[in-house]
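J.: Pasting a structure here, questions to come.
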Amino acid sequence: MNEGMVFIEHEAAAIAESHPEFANSPYVDGLSATLVRRVFERAGLDADNVGTDRWNPLSALIQPGDTVVIKPNLVLDVHQGGLGLECLISHVSVIEAILSWAAKASPGKVIVGDAPLQACNFENLLHQSNYDRLVKYAEPLGIDFMISDFRRTVTT
Numbered sequence: 114m115n116e117g118m119v120f121i122e123h124e125a126a127a128i129a130e131s132h133p134e135f136a137n138s139p140y141v142d143g144l145s146a147t148l149v150r151r152v153f154e155r156a157g158l159d160a161d162n163v164g165t166d167r168w169n170p171l172s173a174l175i176q177p178g179d180t181v182v183i184k185p186n187l188v189l190d191v192h193q194g195g196l197g198l199e200c201l202i203s204h205v206s207v208i209e210a211i212l213s214w215a216a217k218a219s220p221g222k223v224i225v226g227d228a229p230l231q232a233c234n235f236e237n238l239l240h241q242s243n244y245d246r247l248v249k250y251a252e253p254l255g256i257d258f259m260i261s262d263f264r265r266t267v268t269t
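Counting from 114, one number per residue, gives the positions in the sequence shown under this note's numbering.
Structure representation (structure tokens):
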């Protein structure tokens, strides 16, 4: 069945760095924050301030008072094959890192929302993925924050 296919084995390494902006977070791990930071750096966001405490990578995209929507990949609350949710969602630590940098740009409101499959139990999805804990995480960031189900139709 794998005839004609080539499999290449490789190793990838990433180094978790210290991120003082995430010191109070039990959910953001150093690796997720490091990888999100590197994406922002490589995109050239706030390049003049990289490596300083003034670095605010989303400041050119988010103006004070803006409403920001972060759309993670929330598909379904249960893996139909009995496996974990990892392939059905964006890990909460990645969203939390983005949320932290978005908050640094002083938005008026931040909404984390998605439209999962119609049969998805949204509350269960938030609980199983730890997304429900983002509300508590956002409190000390000083932003108006909410998690939203964007679906127009839900089936049970």
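Virtual Cβ for every residue (Gly too), placed ideally from N, Cα, C.
Do K184 and G221 come within 9 angstroms of each other at the CB atom, strictly closer than that value?
T.: Within the sequence shown, numbered from 1, the residue matching residue 221 stands at position 108. Within the sequence shown, numbered from 1, the residue matching residue 184 stands at position 71. Cβ atoms of G221 and K184: not closer than 9 angstroms.
J.: Under three-state DSSP, which class holds A145?
T.: The count along the sequence shown starts at 1 and reaches residue 145 at position 32. The sequence given here has Ser at residue 145, not Ala. Reduced to three states, the DSSP call for S145 is helix.
J.: Report the residue from V191, G197, A215 whose alpha carbon sits nearest the alpha carbon of V182.
T.: Here residue 182 refers to the residue found at position 69 of the sequence shown. It is A215 whose Cα lies nearest to the Cα of V182.
J.: Could you pull out every residue in the same chain whose Cβ sits closer than 7 angstroms to the Cβ of S261, ignoring the five residues on either side in sequence?
T.: Within the sequence shown, the letter at position 148 stands for residue 261. Contacts found: I224, G226.
J.: Excluding the five sequence neighbours on either side, which residues of its own chain have a C-beta within less than 7 angstroms of the C-beta of F258, listed in chain order?
T.: In the sequence shown, counting from the first residue as 1, residue 258 sits at position 145. Around F258: V223, V248, A251.
J.: Could you name the residues of the same chain whose beta carbon sits closer than 7 angstroms to that of V119, not counting the 5 residues immediately before and after it, in chain order?
T.: The residue labelled residue 119 in the question sits at position 6 within the sequence shown. Reliability of the predicted coordinates at V119 is poor, the pLDDT of 47 falling under 50, and no value is obtained from them.
J.: So within the stretch 188–229, which uninterrupted alpha helix (DSSP H) runs reach at least 4 residues, ignoring any that extend past its ends?
T.: Taking only runs of at least 4 residues, the alpha helix (DSSP H) segments lying wholly in the stretch 188–229 are 205–217.
J.: Looking at the unbroken alpha helix (DSSP H) that takes in S261, where does it start and where does it end?
T.: Against the sequence shown, residue 261 aligns to sequence position 148. From DSSP, S261 is part of no alpha helix (DSSP H) but of the beta strand (DSSP E) over 257–262.
J.: What are the boundary residues of the alpha helix (DSSP H) that V248 is part of?
T.: Within the sequence shown, numbered from 1, the residue matching residue 248 stands at position 135. Unbroken alpha helix (DSSP H) run through V248: 247–251.
J.: How do the stretch 239–246 and the stretch 169–176 stand: do at least 3 beta-carbon pairs fall below 8 angstroms, yes or no?
T.: No, because fewer than three Cβ pairs between the stretch 239–246 and the stretch 169–176 fall closer than 8 angstroms, the two stretches do not touch.
J.: Report all residues from its chain with a CB closer than 8 angstroms to the CB of T268; omit the five preceding and five following residues, and keep chain order.
T.: Taking the first residue of the sequence shown as position 1, residue 268 is located at position 155. The residues are Q231, A232.
J.: Evaluate H123 with the Cβ neighbour count: other Cβ atoms within 10 Å of its Cβ, from every protein chain shown; 16 or more gives buried, anything less gives exposed.
T.: The sequence position of residue 123 within the sequence shown is 10, counting from 1. For H123, the predicted model reports a pLDDT of 48, less than 50, meaning its position is unreliable; a value from the coordinates is still stated below. Exposed, since its Cβ has fewer than 16 Cβ neighbours within 10 Å.
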